[in-house]
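First residue of the sequence shown: 9, per our numbering; consecutive thereafter. No residue lacks a Cβ here, since even glycine has one placed at the ideal position from N, Cα and C. To start, the structure under review is shown below, and the notes come after it.
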Amino acid sequence: MTKQYKWTSPSPEATRALAAALGSFLIPGDVLALTGELGSGKTEFVHGLAQGLEVDRDAVASPSFTLVHEYHGRLPLAHLDLYRLENLPGEMLPDLEAYLSAPWVAAVEWAERLGALLPGDYLEIEIAISGETTREFTIRGHGERGAELARRLAREVREQ
């Protein structure tokens, strides 16, 4: 059974701070699977993540209409948003798969739509709306690296 950690973010600023902390210890090939309803804060989380990767946070936008945005900082960040894709067309799979390994750090919104393309090692971040500005986070690490990231992120939460 995958261990999970829970955290309540009181504000978008706290969400970005947690994501920035996570970004500071990511390595090439790390995959973050972001799930949650529309408006839950997945893109806000990626803004903070970009900051932790030393990418200009203000450059980050939701790639809903372009599918992928690439950003370059301490590590290259691929921000994928699969909202508009109910089922991935077969011809798109090779293109997306390239972002799910080194040298990229991949942040995938609506990651559940990747299906079998999701690698065995990843960090799942589920975000639920619990108030006007509060969000409930459930963090699960899948595989060895995912579990390590989940533990480190849980430590960050405790230290904040």
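According to the DSSP assignment, T142 belongs to no beta strand (DSSP E), since it is labelled neither H nor E.
Between I135 and S48, the C-beta spacing is below 7 Å. With contact defined as three or more Cβ pairs closer than 8 Å, the segment 122-129 and the segment 42-58 are not in contact. Contact between L61 and G31 holds: their C-beta atoms lie close to 4 Å from each other, under 8 Å. Taking 4 residues as the shortest admissible run, the segment 11-39 contains the following complete alpha helix (DSSP H) segments, listed from N- to C-terminal end: 20-32. With respect to the 7 Å criterion, A119 and T43 are classified as neighbours on the basis of their beta carbons. Comparing alpha-carbon positions, the option among Q12, A27, P20 and L40 lying closest to S138 turns out to be P20.
In this structure, the alpha-carbon of Y130 lies about 15 Å from that of L85. Here V113 is not near L157, since their CB atoms are 7 Å or more apart.
Ranked by how close their Cα comes to the Cα of F33, the residues P18, A58 and T10 have A58 in first place. Closest by C-alpha distance to R143, out of A28, P36, V39 and F53, is F53. K14 and I133 have their C-alpha atoms some 10 Å from each other. Around V68, the same chain offers T51, V54, H55, A58, H77, Y79 and H87 as residues with beta carbons nearer than 8 Å, after the five sequence neighbours per side are excluded. With fewer than 16 other Cβ atoms inside 10 Å of its own Cβ, E105 counts as exposed.
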